[in-house]
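Colleague:
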Amino acid sequence: MNNNKEIVDSLRERIPTFKCTPGCHDCCGPVTTSSEEMSRLPVKTDAEHEAALDQYNCVHLGPNGCKVYDERPLICRVFGTTPNMPCPNGCRPEEMIDSKIERHIHHYIKNTRQVLV
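If you're matching positions, the sequence shown starts at 902 in the numbering used here and goes up one per residue.
1) Just reading off the beta strand (DSSP E) that L912 is part of, what are its end residues?
2) From this set, T983, T933, I1002, K1001, which residue's C-alpha is nearest R993's C-alpha?
3) Is C929 near N965, with beta carbons less than 7 Å apart?
4) Which complete alpha helix (DSSP H) runs does the region 942-993 hold, if anything under 4 residues is left out?
5) For S935, name the three-state secondary structure that DSSP assigns.
6) Just the C-alpha distance for D910 and A948, rounded to the nearest angstrom, thanks.
7) Apply the 10 Å Cβ neighbour rule to H961 and answer buried if 16 or more other Cβ atoms are within range, or exposed otherwise.
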């Protein structure tokens, strides 16, 4: 893989999905993400960021959940798919994320410039 877009796309494809508890937003706190992933998200104002941080929420959390669900960052996608980041409601995919893929995700996060979402 030659660039961060391809890396992010490849990793996203390998993260299992599962159904969340309706109304739960436990994974929707402030997070950081790579510049590549940030470029896929709508731009928010400083006031919107401050309001979200005051509530310890992600700026993209709306009344009905994540407003950018299809473009949510890798760290959000991993939540609940690994024993290292379990869902407090016990939700999980049938098969947890492959540990090798999880290591690749954390390696990507560690080795890219991270910005606050």
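All C-beta atoms in this analysis are idealised placements derived from N, C-alpha and C, irrespective of residue type, glycine included. Bear in mind that the values here come from a model prediction, so they are computed numbers and not experimental data.
Modeller: Let's see:
1) Run containing L912: none in the beta strand (DSSP E); it sits in the alpha helix (DSSP H), 905-914.
2) T983
3) no
4) 947-955, 975-979
5) strand
6) 31 Å
7) buried
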